[in-house]
Structures are given as C-alpha cells and as structure tokens.
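Number of protein chains: 2
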Amino acid sequence: MAKPLLQTSDLDLFMSRPRNRPFFSEGDPSGAIYQVESGCIRLQKMTEGGRRCVLSFCYPGDVFGLGTHGPEQVDAEAACASRVSRLGHLGLQRMLQSEPTRAMKVIDAAYGGQEPGSEHVVMISFAPAEQKLAWFLASLGQRLGQSVGGELLVDLPMMRADIADHLGMTFETVSREMTKLRDLKIIDLLGLRKFKIQRAAVLQSLALTGSLATSRHVPSPSSLAFSPRMPAPRTFDLAAASAG
Amino acid sequence: MAKPLLQTSDLDLFMSRPRNRPFFSEGDPSGAIYQVESGCIRLQKMTEGGRRCVLSFCYPGDVFGLGTHGPEQVDAEAACASRVSRLGHLGLQRMLQSEPTRAMKVIDAAYGGQEPGSEHVVMISFAPAEQKLAWFLASLGQRLGQSVGGELLVDLPMMRADIADHLGMTFETVSREMTKLRDLKIIDLLGLRKFKIQRAAVLQSLALTGSLATSRHVPSPSSLAFSPRMPAPRTFDLAAASAG
DNA sequence: GAGCGTCCTTGATGCCGGTCAAATCGCAGA
DNA sequence: TCTGCGATTTGACCGGCATCAAGGACGCTC
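Chains E and Y, in that order, are what the protein sequence lines are. When we follow my numbering, the leftmost residue of the first sequence carries the number 1, and every step to the right adds one. When we follow my numbering, the leftmost residue of the second sequence carries the number 245, and every step to the right adds one.
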C-alpha cells in the first residue's frame, strides 16, 4: 500500500464498528473526512422500497466522507469489523489553512471515492451475472491481492449480500456464480472470506468481454466497432476452459 | 432556463452535428468545455463487446467536457441535431486567470455532469423496466417540461435506443413500457419526439416506489426501514389506476 | 407525392436470474 | 464441546425481459 493520504498527526479520532454498523448515515451533517485503518466500509443508499444499493467499498488507506461538500449523501457502514480514523471539522479547517493543496487533494479523494465510477455503471447495466462477478473479483484482486507463488491471494471482507447489492443481483446468484468459477478452476475458495485467483488471464477476459478467451488470443481491437447486439458467446464450455 | 454559465463573450467556437455524430470521443485530448446551445448530447461509453452505455444526457444550458481534468473519458455524441458552443484551451486558461472562481465553477459543472449520479445507479441496478422508464420520463419532465394547462409538455429529443442504453434495457422494452404508460393514461404520446405528462403524481409514485399510489396517500416514511426483499406490489391494476 | 431507409411498434418464444424453500456450514457464546 | 443463529449453498420453479421477427410509421430526398 502507498503512503496513506492522512497521517496520525492529522487525525483527531478513531472509531470502530462491528459488521453492519454505521459510521454515518445519509443526511448526517458532515464536515469530516474518514480514512479506513482496517476492515472494509461500504457506501450505500437505500431505496424507497427498502432495497439497498452499495455504491462502493472502501479499503484500508481509502478516504471517504463529504468533508466540505455539505451533508452526507450516503450511508457508510462497516462491511466487516472495521476501524477508521477521522479528520473532524476543526482539523479539516486547520489543514485547509496550513496545507491547502494537500487538504484539497484529501477532500477530492474522499468525494470521488463515493461517486459511482462509469465502469461500475456499465457493468451493472449490461453484463450478465457471471461477468459482473468476474469483474468484481478481478478488481478486488488488483486492489487487495497478494501474490503467492504465481497466484493471487485475495481477502473477501464483505458478505455475499454486499456483493450482490453492489452488482445489482441477489446473494443466491452471487453464490451460484462463485461456485461456477470455482468449478472452472478460475478461482479457489479458501473459506468464506478469502479466495485465490488461479487463472488471472481467464478471469480478466471474462470480466472484460463476458467470454472465456485464452491469454494468447486477445480479442481483436476491431471488436470495438459498433454492433447493436452483443453476439459474443454466452455459454460456458467447461471442458475447453479446464483444458486452457 | 436560468442564465447559462457561459456567455457569448466567453466562447470561441460553435459546432453543429447531425444525429449520432460525435463532438469528441473517449481518449481525445481535452482542455475544452462545451455548452449545449440546442438539441441534446449523450455522454456514453462503449464496452469491449460493442455495447453502448449512455451515462447521461446534456440539454441546452448544460456544460460538459473534462476541461483541465485530462483526456476525455467518454464519447459525446448528438442524440439529435445539436449545436454547442466551445470554450477552448486558450479561453479556459484566460478565464482561469481573470475569473478563477467562475472558471472553477464551470469546470466542476462540466466534470460533474458526466459523472453518473447515484440515483441513476440505484435505478438501473434494481428497478423493473416500468419503474426505470417512469423515472426517466419524470426527470425529463422536471428538466424540460413546459406547463400547459395543468399538464406538462415535454420534448423527447433522443431515440428509443438511446433511452434503452441509458436505463440498461432494450429499445423494444422501452417501446412496450411507453405504450403501457400511454394505455394507463399516465402520459400521452404526441408523435415520436414529444409527450405529455397527464398524471404527474402517479408517474412520480411509479418512479419512486415502483407502484401506483395516488397522490393523497403518500407512501409512509417508515417504509424506508430495512427489508431484505422488496415486497412492493409489482402488478398493474389498470382499472384502479384509470379510476384514480 | 412517390420511394426508400431508419425508427418504432407489436407479437412469439426462450432463457437468465429472481424468488421461495430447505439443507448445510461456520462462528460465537455458553 | 455443544448449541444456536446467521450466512451460505443448492435445488425447483417461474416470470420478466431479451431476442428474433415482421409489419407500420415517420421523415428524408428526388
């Protein structure tokens, strides 16, 4: 992990929460910036109907909170037992005066972290379930993965239901697709909260194109040309995939 | 419409495009800010598979383009014959020196306009087709609607396929749901590029909750309480709706 | 006004993924 | 270790929406 944006000297409070407890909720007065020390925070919104939409996850080193941008727009809850440090209103004002450039950088990072990325929107609007999950696991690998003997060991701090609400599907489907990826030997499940990426190239291909391409045959750039319907193969060839 | 952010004196170029022609594409060097004069611009991304995802639409008065934030992240295309004015690199630099506050405001507006809103994400991830369309038409009404004798007359500058790619559905489904709303007498279709909102309260309720509530019985705030599955009624009672 | 291409509407069909249900797993506390 | 509860897995079923297909409407150009 790179050097965190905020140092101990900046911060004025530490907070811990067990799983599913909020750090703050939508509409709360803000003025503070939070930095994840350990665990995983989910930024989410509730719909009128009581459904939950997880906009993003924050991992150690990430900052969140609206700071100077007004009242909070989302709920921030612990996806697992988590600890965050807080730069409160006063400390933020102080930093804005003493180090305006860095303060702005912190505020921008915290603000940007809770905006949904366009990639996320593309994924949840079009991709089939298997591609959504492949995309999520691949990005989790990039963010949290630890290389171990050519494979990538990745923490999975959040529950299946959290993933589901992040990708616009149900936790049952998350579970099913996870099992499918395991059967294809693309990932290996190590208990409930950890997994291994066994074939990163295949996972990446599945995440990007929704199909299982081998790493030596990258889909041609010409496939970027416009085509009204996606004619990509939508079926798994388990045998071919396992042989790959 | 409120006073546009940019005045004629600021701008250094006008550009026109017929439908489906780009103003710029993802990856183009930026440094400019654009303001819609007439028509409708769609900001979109293409997926590897050649599918299109419309992140947002820009209407007259809106600004877009990344300005000082680096190369363009999206395609900007005319959703119908459109005209935009452009504040180029030099003009932007000049404004940043002479009126930094306003320049920053312009840049922020343009930047924010092409970030997907969290409301949009919530909609496309969970809502059924009828609710998605109701939400889109209602927001279009708020943005472009002209009150005419208690009803709201709204331009619909983009094609069905554009709406579909914005909401994560197919243009056939957009068409079907549009017909359904017309049959329910919630909207009235006036040709292909214009419609009337006949019963705004019902449309709004459909957009927010996915169900048809009458305006006198607003869904109670307590419904915001957490419930893992949305048990809201998913069926249309055409008779009851028409009677309302 | 005729002709033509594009966009839109509408129908028929099939499948993905949501829903309901039940069994199993995993963890924490007694 | 035992017990209990919540999380996860797995199965069965089915409904909404994508897909395929055909016909109609609209807006061009000539």
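Ideal Cβ positions, reconstructed from N, Cα and C, are used throughout, including at glycine.
Pick helix, strand or coil for S25 of chain E, following the three-state DSSP scheme.
-> By one-based count along the first sequence, residue 25 of chain E stands at place 25. The answer is coil: DSSP assigns S25 of chain E none of H, G, I, E or B.
Is it right to say L447 of chain Y is buried, meaning 16 or more other beta carbons lie within 10 angstroms of its own, or is it exposed?
-> Start at 1 with the first residue of the second sequence, and residue 447 of chain Y comes out as number 203. Buried, by the Cβ-count rule.
Please name the residue, chosen from Y:R327, Y:G294, Y:P372, Y:Q442, that lies closest to G454 of chain Y on a Cα-to-Cα basis.
-> As a working mapping, residue 454 of chain Y is identified with position 210 in the second sequence. Selected option, being the one with the closest Cα: Y:P372.
Does the beta carbon of R160 of chain E come closer than 8 Å to any beta carbon on chain Y?
-> Translated into the one-based positions of the first sequence, residue 160 of chain E becomes position 160. It does not; no Cβ of chain Y falls within 8 Å.
Give the C-beta separation of L257 of chain Y and G305 of chain Y to the nearest angstrom, bearing in mind that I take them to be a contact with Cβ-Cβ under 8 Å.
-> Looking up residue 257 of chain Y in the second sequence gives position 13. Looking up residue 305 of chain Y in the second sequence gives position 61. In fact, because the Cβ distance is near 18 Å, the residues do not count as touching under 8 Å.
Under 8 Å between C-beta atoms, does G141 of chain E make it to chain Y?
-> Indexing the first sequence from 1 puts residue 141 of chain E at position 141. Chain Y contact via Cβ: absent.
Pair every Cβ in the region 271–288 of chain Y with every Cβ in the region 322–340 of chain Y, then say whether three or more of these pairs are closer than 8 Å.
-> yes
Closer than 7 Å, Cβ to any Cβ of chain E: which residues of the region 281–300 of chain Y, in chain order?
-> K289, M290, T291, E292, G293, G294, R295, C297, L299
Step through the CB atoms of chain Y and report whether any lies within less than 8 Å of the CB of R234 of chain E.
-> Translated into positions along the first sequence, residue 234 of chain E becomes position 234. At R234 of chain E the pLDDT is 32, less than 50, meaning the model places this residue with poor confidence; the figure from the coordinates comes in the next sentence. No, R234 of chain E lies away from the interface with chain Y (no Cβ there is under 8 Å from its Cβ).
Got a sec: is the Cβ-Cβ distance from F268 of chain Y to anything in chain E below 8 Å?
-> For the purposes of this step, residue 268 of chain Y is identified with residue 24 of the second sequence, where counting begins at 1. No - not a single Cβ of chain E is within 8 Å of the one on F268 of chain Y.
May I ask you to report which of helix, strand or coil DSSP gives K105 of chain E?
-> Numbered from its first residue, the first sequence carries residue 105 of chain E at position 105. If DSSP states are grouped into helix, strand and coil, K105 of chain E belongs with the helices.
Is the beta carbon of S9 of chain E sitting closer than 8 Å to the one on S38 of chain E?
-> Here residue 9 of chain E is taken as the residue at index 9 of the first sequence, counted from 1. Here residue 38 of chain E is taken as the residue at index 38 of the first sequence, counted from 1. Contact flag unset, no.
Using 8 Å as the Cβ pair cut-off and three pairs as the minimum, do the region 129–141 of chain E and the region 194–203 of chain E touch?
-> yes
Can you tell me which of the three DSSP states L238 of chain E falls into?
-> Within the first sequence, the letter at position 238 stands for residue 238 of chain E. Legend: pLDDT at L238 of chain E = 33, less than 50; position of this residue unreliable, value from coordinates given subsequently. Reduced to three states, the DSSP call for L238 of chain E is helix.
Starting from V154 of chain E, follow its DSSP beta bridges and name the residues at the other end.
-> Working through the first sequence from its first residue, we reach residue 154 of chain E at position 154. Beta-bridge pairing links V154 of chain E to E:F195.
DSSP state of E359 of chain Y, grouped into three classes?
-> Looking up residue 359 of chain Y in the second sequence gives position 115. Looking at E359 of chain Y - three-state DSSP - the assignment turns out to be coil, as it is neither helix nor strand.
Residue-chain proximity (L208 of chain E, chain Y), Cβ-Cβ < 8 Å = Against the first sequence, residue 208 of chain E aligns to sequence position 208. With 8 Å as the cut-off, L208 of chain E counts as an interface residue toward chain Y.
By the 10 Å Cβ neighbour count, where 16 or more other Cβ atoms means buried, how is L411 of chain Y classified, buried or exposed?
-> Here residue 411 of chain Y corresponds to residue number 167 of the second sequence, with the count starting at 1. Per the 10 Å Cβ criterion, buried.
Would you please state the rounded distance, in angstroms, between the beta carbons of R17 of chain E and A78 of chain E? I believe it to be under 8 Å.
-> Taking the first sequence and counting its residues from 1, one reaches residue 17 of chain E at position 17. Taking the first sequence and counting its residues from 1, one reaches residue 78 of chain E at position 78. Yes, R17 of chain E and A78 of chain E are in contact; Cβ-Cβ is about 4 Å, under 8 Å.
G272 of chain E classed as buried or exposed, judged by whether at least 16 other C-beta atoms fall within 10 angstroms | Because chain E in this structure spans residues 1 to 244, residue 272 of chain E falls outside the shown range and cannot be described.
Within its chain, find whatever has a CB closer than 6 Å to the CB of L310 of chain Y; leave out the 5 residues flanking it on each side and keep chain order.
-> Numbered from its first residue, the second sequence carries residue 310 of chain Y at position 66. Excluding positions up to five away in sequence, the list reads S274, E316.
Local conformation of K3 of chain E per DSSP, three classes = Numbered from 1 along the first sequence, position 3 holds the residue referred to as residue 3 of chain E. Looking at K3 of chain E - three-state DSSP - the assignment turns out to be coil, as it is neither helix nor strand.
Would you mind sorting D237 of chain E into buried or exposed? The rule is 16 or more other CB atoms within 10 Å of its CB.
-> Within the first sequence, residue 237 of chain E is the residue found at index 237, counting from 1. Legend: pLDDT at D237 of chain E = 34, less than 50; position of this residue unreliable, value from coordinates given subsequently. Burial call: exposed.
Contact set for Y355 of chain Y: own chain, Cβ-Cβ below 8 Å, skip 5 residues either direction = Within the second sequence, residue 355 of chain Y is the residue found at index 111, counting from 1. L310, G311, H313.
So, are the CB atoms of C80 of chain E and R19 of chain E less than 8 Å apart?
-> The residue given as residue 80 of chain E occupies position 80 in the first sequence. The residue given as residue 19 of chain E occupies position 19 in the first sequence. Cβ atoms of C80 of chain E and R19 of chain E: closer than 8 Å.
Inter-residue CB distance, V298 of chain Y and D406 of chain Y (contact presumed, cutoff 8 Å) | In the second sequence, residue 298 of chain Y corresponds to position 54, counting from 1. In the second sequence, residue 406 of chain Y corresponds to position 162, counting from 1. Contact flag correct, Cβ pair sits at about 6 Å.
Where K3 of chain E falls, given that 16 or more other Cβ within 10 Å makes a residue buried = Position 3 of the first sequence, counting from 1, holds the residue named residue 3 of chain E. Counting Cβ neighbours within 10 Å, K3 of chain E comes out exposed, since fewer than 16 surround it.
CA-CA distance, A240 of chain E and L184 of chain E?
-> Numbered from its first residue, the first sequence carries residue 240 of chain E at position 240. Numbered from its first residue, the first sequence carries residue 184 of chain E at position 184. For A240 of chain E, the predicted structure reports a pLDDT of 38, less than 50, and the residue's modelled location is therefore unreliable. A value from the coordinates is still provided. Computed Cα separation, rounded: 10 Å.
Within 10 angstroms of its Cβ, does S98 of chain E collect 16 or more other Cβ (buried), or is it exposed?
-> For this step, residue 98 of chain E is matched to residue 98 along the first sequence. Burial call: exposed.
Consider the Cβ of G61 of chain E: report whether some Cβ of chain Y lies at a distance smaller than 8 Å.
-> The count along the first sequence starts at 1 and reaches residue 61 of chain E at position 61. By this cut-off, G61 of chain E is not an interface position.
Using beta-carbon positions only, say whether A76 of chain E and F24 of chain E come within less than 8 Å of one another.
-> If you number the first sequence from 1, residue 76 of chain E lands on position 76. If you number the first sequence from 1, residue 24 of chain E lands on position 24. Yes, these two residues count as a Cβ contact at 8 Å.
Can you list, in chain order, the residues of its chain whose CB lies under 7 Å from that of Q131 of chain E, leaving out five sequence neighbours each side?
-> Counted from its first residue, the first sequence places residue 131 of chain E at position 131. Correct list, in chain order: L206, A207, G210.
Thinking just about the alpha-carbon of each residue, which of E:I186, E:S175, E:P100 is nearest to the one in L153 of chain E?
-> Mapped onto the first sequence, residue 153 of chain E falls at position 153. Per the Cα distances, E:I186.
With burial defined as no fewer than 16 other Cβ atoms inside 10 Å of the residue's Cβ, what is the status of L92 of chain E: buried or exposed?
-> Here residue 92 of chain E corresponds to residue number 92 of the first sequence, with the count starting at 1. So L92 of chain E counts as buried.
Inter-residue CB distance, V318 of chain Y and L249 of chain Y (contact presumed, cutoff 8 Å) | Counting from one through the second sequence, the residue named residue 318 of chain Y turns up at place 74. Counting from one through the second sequence, the residue named residue 249 of chain Y turns up at place 5. About 20 Å; that fails the 8 Å criterion.
Out of Y:L255, Y:C284, Y:M290, Y:R286, state which residue places its alpha-carbon closest to the alpha-carbon of G271 of chain Y.
-> Position 27 of the second sequence, counted from the first residue, corresponds to residue 271 of chain Y. Residue Y:M290 is the option with its Cα nearest to G271 of chain Y.
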